[in-house]
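Numbering (UniProt numbering), first residue to last: 1 to 134.
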């Protein structure tokens, strides 16, 4: 597939959803596991693969068990974020030339030596993909 064949190239996409559980339950030690691991196949394997510029997700943690004031705060933060959405910087993902087709699209050895688990974020250490700056 050619890059020019991707009809969604350079359009922005963002996941926005609620959870039925507290944020701590979606941590590395939480019962549901790290939310970053859950989001990676969606953000990289679907949205980025289709050409989207992927923005930080908007996650509302357990709104059904939040106080009325906390839910109002969630909506206020969402409103504020939407006002500035087009100014947000998208994630960076490893480019295709980091991988070798001949080896089944495994990382090239020279690239793998330099990488950390935060490569897809353009950062040397893992970063929380669930946070955005309001």
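The beta-carbon is built from N, C-alpha and C at its ideal position, and this holds for glycine as well.
To the nearest angstrom, how far is the alpha carbon of residue i from that of residue j?
i: residue 107; j: residue 59; result: 31 Å
i: residue 70; j: residue 26; result: 19 Å
i: residue 77; j: residue 66; result: 15 Å
i: residue 75; j: residue 20; result: 17 Å
i: residue 49; j: residue 63; result: 31 Å
i: residue 32; j: residue 91; result: 24 Å
i: residue 12; j: residue 89; result: 10 Å
i: residue 95; j: residue 68; result: 44 Å
i: residue 114; j: residue 72; result: 44 Å
Where does residue i fall in DSSP's three states?
i: residue 12; result: strand
i: residue 59; result: strand
i: residue 22; result: coil
i: residue 88; result: coil
Quick one: residues in its chain with C-beta nearer than 7 Å to the C-beta of residue i, no 5 flanking neighbours on either side, listed in chain order?
i: residue 111; result: 98
i: residue 148; result: Outside the displayed range of the chain (1 to 134) lies residue 148, so it cannot be described from this structure.
Quick one: using the 10 Å Cβ neighbour count with 16 as the cut-off for buried, is residue i buried or exposed?
i: residue 36; result: buried
i: residue 52; result: buried
i: residue 47; result: buried
i: residue 55; result: buried
Does any residue of chain D have a CB that is nearer than 7 Å to the CB of residue i?
i: residue 62; result: No chain D appears in the structure shown, which is made up of a single protein chain.
For residue i, I'd like the list of residues in its chain whose CB is within less than 8 Å of its CB, leaving aside the five on either flank, ordered along the chain.
i: residue 7; result: 51
Only counting the same chain, and skipping five residues up and downstream in sequence, which positions put a Cβ closer than 6 Å to that of residue i?
i: residue 105; result: 99
i: residue 30; result: 24
Measure the CB-CB distance between residue i and residue j and report whether it falls below 7 Å.
i: residue 86; j: residue 44; result: no
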